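So the sequence lines, in the order shown, correspond to chains A and B. Numbering-wise (the numbering used here), the first sequence opens with residue 1 and increments by one. Numbering-wise (the numbering used here), the second sequence opens with residue 261 and increments by one.
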Amino acid sequence: MAIQFRHKPGLVVYLTAGDPSLDATRAIALGAIDAGADVIELGVPFSDPLADGPVIQRASERALARGTRLKDVIALAREIRAARPEAGLVIFSYFNPILRYGLVRFADDAAAAGVDGVLITDIVVEEAQQYLAEMDRVGLAPIFLAAPTSPDERLEAIATHSRGFVYAISRTGITGKQVNLTDDAAALVARIRRWTRLPVAVGFGISNAEHVAQVGEFADAAVIGSAIVDLIERSTPETSPGAVVRFIKGLQLQPAALAR
Amino acid sequence: MASVIHPSATSESQPGRFGIYGGRYVPETLMAALVELEHEYAAAKVDAAFQAELALLLKDYAGRPTPLYFAKRLTTQLGGAKIYLKREDLLHTGAHKINNALGQALLAQRMGKKRIIAETGAGQHGVATATVCALLGMECVVYMGEVDMARQELNVLRMRLLGAEVRAVSSGSKTLKDAISEAMRDWVTHVRTTYYLLGSALGAHPYPTMVRDFHRCISREMKEQILEKEGRLPTAVIACVGGGSNAIGAFYEFIPDRQVRLIGVEAGGRGTALGEHAARFRGGAPGVLQGTFSYVLQDDDGQIAATHSVSAGLDYASIGPEHAALHDSGRAEYVSQDDKATLDAVVRLARTEGILPALESAHAVAEALRIAPMMPPHDILVVNLSGRGDKDMGILAHELQLPGA
Chain A
1 MAIQFRHKPG LVVYLTAGDP SLDATRAIAL GAIDAGADVI ELGVPFSDPL ADGPVIQRAS
61 ERALARGTRL KDVIALAREI RAARPEAGLV IFSYFNPILR YGLVRFADDA AAAGVDGVLI
121 TDIVVEEAQQ YLAEMDRVGL APIFLAAPTS PDERLEAIAT HSRGFVYAIS RTGITGKQVN
181 LTDDAAALVA RIRRWTRLPV AVGFGISNAE HVAQVGEFAD AAVIGSAIVD LIERSTPETS
241 PGAVVRFIKG LQLQPAALAR
Chain B
261 MASVIHPSAT SESQPGRFGI YGGRYVPETL MAALVELEHE YAAAKVDAAF QAELALLLKD
321 YAGRPTPLYF AKRLTTQLGG AKIYLKREDL LHTGAHKINN ALGQALLAQR MGKKRIIAET
381 GAGQHGVATA TVCALLGMEC VVYMGEVDMA RQELNVLRMR LLGAEVRAVS SGSKTLKDAI
441 SEAMRDWVTH VRTTYYLLGS ALGAHPYPTM VRDFHRCISR EMKEQILEKE GRLPTAVIAC
501 VGGGSNAIGA FYEFIPDRQV RLIGVEAGGR GTALGEHAAR FRGGAPGVLQ GTFSYVLQDD
561 DGQIAATHSV SAGLDYASIG PEHAALHDSG RAEYVSQDDK ATLDAVVRLA RTEGILPALE
621 SAHAVAEALR IAPMMPPHDI LVVNLSGRGD KDMGILAHEL QLPGA
């Protein structure tokens with residue numbers, strides 16, 4: 001499946017796989033898709049998530065404490081794909097778990113599971129040669145992050161090598177909530193568009209309907225991560241799917257066709 | 261052990277690669293800053309005024325050159341190779357760390373950065389950074405794991421007295437690894453205004469190269485001094501290896517001298533199981549941690565393993581990428597010494613030579629104690645005594661059950 005945004009703006013939901021359990025993550029993902037998420041990013045928990053704020057750090061710790069492994073995340077992706085053939089599915093990880101699993105084996109297994117794309121937080125385009133070759137071999141979309149600090153020549157490389165969408169980081173910093181969107185985000189998206197026609201999703205700190213509406217004015221999709229992971233942390237495994245569904249419905253996403 | 265997976269092209273010409281190791285594995289937000297740093301460092305390196313300013317501070321402020329001391333009583337007692345100690349412990353702030361802190365702080369000043377952040381394990385790099393920030397009038401924030409703050413309390417107090425803010429890190433294992441992650445999170449957030457003064461030969465390019473360059477003076481002096489005293493090169497140079505800054509500084513000028521053995525000593529901790537030591541070459545596999553591709557202690561899922569060492573400065577799951585390359589090429593040998601042998605070495609050196617080594621450096625002393633008796637008297641061992649042990653008095657008093665403690 002190709003990654004498609006059916007809403008304006010589209011919605012990408014990040015979930016740390018295995019928090020609070022793999023079953024719960026599956027139920028939350030299916031609920032989120034039905035409520036309007038165009039793409040689910042399944043986060044692979046990592047022991048040392050240096051690009052993440054405290055909310056996702058804690059979620060990773062909980063998932064690891066329950067023994068969540070990369071192969072479990074791939075199996076979870078397969079189940080979500082079987083249940084929701086139309087949804088976009090991205091595996092979101094730090095590099096080391098994938099390196100240890102084996103880059104070739106990972107590419108094969110993720111593609112076979114029906115995953116659409118891969119985002120590795122600590123891979124930049126300069127270091128991506130083998131990773132890109134593997135993604136290309138199996139038809140997975142490599143998604144790169146673009147930062148407000150990235151100069152134009154880096155944005156060109158990021159846009160050229162990305163497939164599916166480009167992930168624009170809304171501000172310098174780690175994942176987590178923020179009060180207001182800065183001007184950084186709109187300026188970055190405008191710069192990215194000079195190099196690509198791919199959709200651009202904006203993430204980091206997007207936490208409410210107002211943020212999503214703001215993002216919709218200049219980008220194709222919003223990524224919500226910490227706000228939803230935080231909601232899951234404050235819910236029980238039984239109540240979290242319902243809570244996430246209500247949260248997404250509260251964002252009042254419009255179908256892309258109507259928005260036109 | 262997993263097969264060595266080349267994460268990228270393995271060409272030596274790639275920036276910051278040591279064989280297949282090194283590179284840059286960081287969030288995109290930091291890339292512009294790393295490229296800027298690489299260029300600024302390259303410019304400073306060839307700037308005579310910058311080099312002169314650093315040389316003057318190293319001499320008059322830090323106390324270079326440090327002596328190469330012949331440990332005569334120890335040599336006689338062991339009855340083997342002659343043992344020399346490179347006295348980095350006599351430097352201002354008590355360890356080799358000041359070499360790099362001065363170099364990078366001058367670079368930060370040249371780049372117009374006024375806010376400095378650093379991580380620290382044993383606190384020696386934190387103290388060195390706090391010291392140079394006081395000297396140059398810069399704001400200083402040091403990240404330190406809670407476990408390390410407890411066991412190296414004296415250094416926490418020193419940093420605070422020097423005007424630095426010490427931020428406790430309570431995530432993960434609450435040691436050096438977690439302090440680095442937290443410093444990187446700060447840097448990602450404040451990258452436009454902040455200079456990250458990394459304290460070991462670790463992290464993304466250009467740090468491993470830059471930190472090594474600032475410590476090259478150790479082996480340069482060693483070589484001159486041993487040639488002056490003995491008229492020949494040493495049989496072996498021994499240094500402890502956490503991230504590997506003192507070791508790479510002590511090895512570097514000897515790398516072309518193939519007859520000189522280079523021996524790195526890792527922390528053997530209290531056992532051989534994963535989690536009980538920090539011997540990356542014994543229990544680790546190539547992987548990516550905190551910006552660089554090197555040997556990493558990790559489990560089968562690529563999750564970073566816990567480590568243990570009596571010395572906070574060696575208690576780290578990865579090792580500088582240049583050491584990984586020296587290991588694989590066989591140019592340097594890496595061994596480990598456990599907590600007990602290290603504590604014995606502290607006592608032995610203190611009572612034989614009147615020198616109290618840092619627990620980190622005592623790992624290198626322990627290896628010298630092991631191999632010197634097996635070597636002929638004509639052989640020469642140079643031990644890099646990277647730091648002094650005053651900071652460790654609390655641990656030593658407890659571990660050695662000193663009267664009055």
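Even for Gly, the Cβ is constructed at its ideal location relative to N, Cα and C. Computed from a predicted structure; not experimentally measured.
| Check | Outcome |
| --- | --- |
| Alpha carbon to alpha carbon, how far is residue 690/B from residue 81/A? | Lying before the first or after the last residue shown, residue 690/B is absent from chain B, which here runs from 261 to 665. |
| Would you decide whether residue 409/B is buried or exposed? Buried here means 16 or more other CB atoms lie within 10 Å of its CB. | buried |
| Whose C-beta lies closer than 6 Å to the C-beta of residue 263/B among residues of the same chain, with five residues either side of it excluded? | Because residue 263/B carries a pLDDT of 39, less than 50, the predicted location of this residue cannot be relied on, and no value is offered for it. |
| If you scan the segment 514-568 of chain B from start to end, which runs of the beta strand (DSSP E) of 3 or more residues do you find wholly inside it? | 521-529, 545-549 and 551-556 |
| Have a look at 657/B, 661/B and 638/B and flag the residue whose alpha-carbon is nearest the alpha-carbon of residue 340/B. | 638/B |
| Is residue 163/A close to the ligand SAM? I mean its beta-carbon at under 7 Å from any heavy atom of the ligand. | You won't find the ligand SAM in this model; it holds no ligand whatsoever. |
| To the nearest angstrom, how far is the alpha carbon of residue 162/A from that of residue 117/A? | 10 Å |
| Using alpha carbons as the reference points, say which of 632/B, 612/B and 503/B lies closest to residue 333/B. | 612/B |
| Can you tell me whether residue 205/A is buried or exposed? The criterion is at least 16 other CB atoms within 10 Å of its CB, across all chains shown. | buried |
| Can you name the residues that DSSP bridges to residue 229/A? | None, per the DSSP bridge assignment. |
| Given this structure, state the Cα-to-Cα distance separating residue 458/B from residue 85/A, to the nearest angstrom. | 47 Å |
| Per DSSP, which one or two residues make a beta bridge with residue 400/B? | 376/B |
| Mind listing which residues of the segment 355-375 of chain B have their C-beta closer than 9 Å to chain A's C-betas, in chain order? | none |
| Quick one: any contact between the segment 616-635 of chain B and the segment 566-580 of chain B, if contact means 3 or more CB pairs under 8 Å? | yes |
| Does the segment 441-457 of chain B come into contact with the segment 411-422 of chain B, if we say contact requires no fewer than three beta-carbon pairs (one atom in each stretch) closer than 8 Å? | no |
| For the segment 602-654 of chain B, list the alpha helix (DSSP H) runs that are entirely contained and at least 4 residues long, ordered along the chain. | 619-631 |
| Tell me which residues share the same chain as residue 123/A and place their Cβ nearer than 7 Å to its Cβ, disregarding the 5 neighbours each side in the sequence. | 95 and 131 |
| In the structure shown, what three-state DSSP assignment does residue 207/A receive? | coil |
| Answer with yes or no whether the minimum CB distance from residue 90/A to chain B is below 8 Å. | no |
| Between residue 97/A and chain E, is there a C-beta pair that is closer than 8 Å? | Judged by its chain identifiers, the structure shown contains no chain E, and its protein chains are A and B. |
| At least one CB of chain A closer than 8 Å to the CB of residue 467/B: is that the case? | no |
| If I measure Cβ to Cβ from residue 330/B and keep anything under 6 Å in the same chain, skipping five residues before and after, which residues do I get? | 344 |
| For residue 48/A, would you say it is in contact with chain B, using Cβ-to-Cβ distances shorter than 8 Å as the test? | yes |
| Kindly say whether residue 295/A, judged by its beta-carbon, lies nearer than 8 Å to any beta-carbon of chain B. | Outside the displayed span of chain A (1 to 260) sits residue 295/A, for which this structure offers no information. |
| Taking C-beta to C-beta, are residue 387/B and residue 418/B nearer than 8 Å? | yes |
| Closer than 8 Å is the cut-off here; do at least three beta carbon pairs connect the segment 500-515 of chain B with the segment 4-16 of chain A? | no |
| Can you check whether the CB of residue 115/A is closer than 8 Å to the CB of residue 41/A? | no |
| Using a Cβ-Cβ cut-off of less than 8 Å, give me the residues of the segment 114-126 of chain A that come near chain B, in sequence order. | 121, 122, 123, 124 and 126 |
| Mind checking residue 23/A: buried by the 16 CB within 10 Å criterion, or exposed? | exposed |
| Are the CB atoms of residue 535/B and residue 587/B nearer to each other than 8 Å? | no |
| If you drop the 5 nearest sequence neighbours on each side, which residues of the same chain put their C-beta closer than 8 Å to that of residue 184/A? | 148, 170, 171 and 172 |
| Is it the case that the Cβ atoms of residue 46/A and residue 199/A are separated by a distance below 8 Å? | no |
| Establish whether the CB of residue 598/B and some CB of chain A are separated by less than 8 Å. | no |
| So, for residue 554/B: in the same chain, excluding its five sequence neighbours on each side, which residues have a beta-carbon less than 6 Å away from its beta-carbon? | 281, 578, 579, 581 and 584 |
| So residue 561/B contacts chain A; which residues on that side make the cut at Cβ distance below 7 Å? | 69, 70, 97 and 100 |
| Roughly how many angstroms separate the alpha carbons of residue 595/B and residue 524/B, rounded to a whole number? | 6 Å |
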